[in-house]
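Residue numbers (the UniProt record's numbering): 1 to 245.
A virtual CB, placed ideally from N, CA and C, is assigned to each residue, including glycine.
All values derive from a computational prediction rather than experimental measurement.
Quick notes on the structure that follows.
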Amino acid sequence: MAWNDYEAVLFDLDGVLTPTAEVHMAAWAEMFSTFLGGLDTSRPEFADADTSAYTDEDYYAHVDGKPRYEGVADLLAARGVELPQGSPSDPPEAETVCGLGNRKNDAFTAVLERDGVRPFPGSLALLDHLRDLGLPLAVVSSSANARAVLRAAGIADRFVTVVDGRTAAALEIPGKPEPDTFLHAARDCGAAPAAAVVLEDAVSGVRAGAAGGFGLVVGVDRGAGEQTLLTAGAHRVVTDLADLV
Numbered sequence: 001m002a003w004n005d006y007e008a009v010l011f012d013l014d015g016v017l018t019p020t021a022e023v024h025m026a027a028w029a030e031m032f033s034t035f036l037g038g039l040d041t042s043r044p045e046f047a048d049a050d051t052s053a054y055t056d057e058d059y060y061a062h063v064d065g066k067p068r069y070e071g072v073a074d075l076l077a078a079r080g081v082e083l084p085q086g087s088p089s090d091p092p093e094a095e096t097v098c099g100l101g102n103r104k105n106d107a108f109t110a111v112l113e114r115d116g117v118r119p120f121p122g123s124l125a126l127l128d129h130l131r132d133l134g135l136p137l138a139v140v141s142s143s144a145n146a147r148a149v150l151r152a153a154g155i156a157d158r159f160v161t162v163v164d165g166r167t168a169a170a171l172e173i174p175g176k177p178e179p180d181t182f183l184h185a186a187r188d189c190g191a192a193p194a195a196a197v198v199l200e201d202a203v204s205g206v207r208a209g210a211a212g213g214f215g216l217v218v219g220v221d222r223g224a225g226e227q228t229l230l231t232a233g234a235h236r237v238v239t240d241l242a243d244l245v
C-alpha cells in the first residue's frame, strides 16, 4: 500500500476495526428470532408473513452495515411484515420499526457491557502504522454505539472524527449505502474524496465508498465474500488489515 498517496483513511467500525459484528449479529438474531417466533399469523395483517427461522443470510442481505431502523424495515419487508415506523423514542416493547430497533440496541448494549471488545490484531497493527505516518483517521459507522465501542476497545483517541448513526440523524444526512457519512468524515479530515481511502466489510458500506468517488475502496472480507465486495465496488479485497501494513 502506497499510503503516502492518500490524505485520510476512513474506517468502518464493526467487522473492520473490532469484532463487534459478532455482537451485533447475536443481538439481531435474538431480537428477530423472538419477534418472528412470536408473531401471531392469525392476525389479518400478518397472515402472509414469513416466520421461518432468522439466519445469518438474513443479516448479510438485509441488515449488515445499514442504520438500525433501516435494517429492521428491510428485514420486515423481506418477510412480508408491515409495521408502523414509529419514533426513535418508542420503548423497546413497541410493535413498531423503531421499537424493534431499540429492542436490538438494548441487547447489544448488554452484551458489550458484559463481555467488552478488543480490536482485531491486524487492525490495531494498521492503526499503529498509519499513526506513524501521520495520516488523519476517521470512523464512519451506522451504529449509534460507535463511541462506546471505541472506548471499550481502547482506541477512541486514534481518530480525528467519528461519524456514526447519531451524527447522521443530527445532521439529517442519509446513511450507507449513500456516501454522505463518508463524505462528511473526509471533510472533517481535510481531504477530498479522491484522496481518501475507505475500509469496509459490509456491502452497503462498499457501495457508499464507490458512490462517493473515493480514491480507494478496500473491502474487508469477514464473511460477505470477495466477489460480492468486488461487485459492490471495492477496488481490492483483503481478509486482514495487517495485509495493508
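Check	Outcome
Would you kindly report the start and end of the unbroken alpha helix (DSSP H) that includes Val206?	Val203 to Ala211
Using only the alpha-carbon positions, how far apart do Ala27 and Val160 sit?	29 Å
On the CB-based measure, 16 or more other CB atoms within 10 Å of its CB, does Leu10 come out buried or exposed?	buried
What residues in its chain sit with their C-beta under 8 Å from that of Phe46, if we drop five residues either side in the sequence?	Leu39, Asp40 and Val81
In whole angstroms, give me the CA-to-CA distance for Gly154 and Arg118.	8 Å
Any idea if Arg103 is buried or exposed, counting beta-carbon neighbours within 10 angstroms, 16 or more meaning buried?	buried
Here's the rule: buried if 16 or more other CB atoms are within 10 angstroms of the residue's CB, otherwise exposed. What is Val200?	Correcting the residue identity first, residue 200 is Glu in this sequence and not Val. Looking at its Cβ environment, which holds 16 or more other Cβ atoms inside 10 Å, Glu200 is buried.
In whole angstroms, what is the alpha-carbon distance linking Gly209 and Ser33?	32 Å
Out of Ser142, Gln227 and Gly219, state which residue places its alpha-carbon closest to the alpha-carbon of Asp240.	Gly219
Looking at the secondary structure, which residues open and close the beta strand (DSSP E) in which Arg236 lies?	Arg236 to Val238
Anyone know if the C-beta pair for Glu7 and Ala191 falls short of 8 Å?	yes
Give every residue of the same chain whose Cβ lies closer than 6 Å to the Cβ of Leu17, excluding the five residues on either side of it in the sequence, and list them in chain order.	Phe11, Pro119 and Ser123
Could you check how far apart the C-beta atoms of Ser204 and Gly65 are, in whole angstroms? I think they sit under 8 Å.	4 Å
For Leu10, which beta-bridge partners are listed by DSSP?	Ala138 and Val198
Taking the continuous beta strand (DSSP E) assigned at Leu216, which residues delimit it?	Leu216 to Val220
I believe Leu244 touches Val238 by the beta-carbon criterion, under 8 Å. Please report the beta-carbon distance rounded to the nearest angstrom.	6 Å
How would you label Ser143, buried or exposed, when you count the other beta carbons within 10 angstroms and need 16 or more for buried?	buried
Any idea which residues DSSP pairs Thr161 with across the strands?	Ala138
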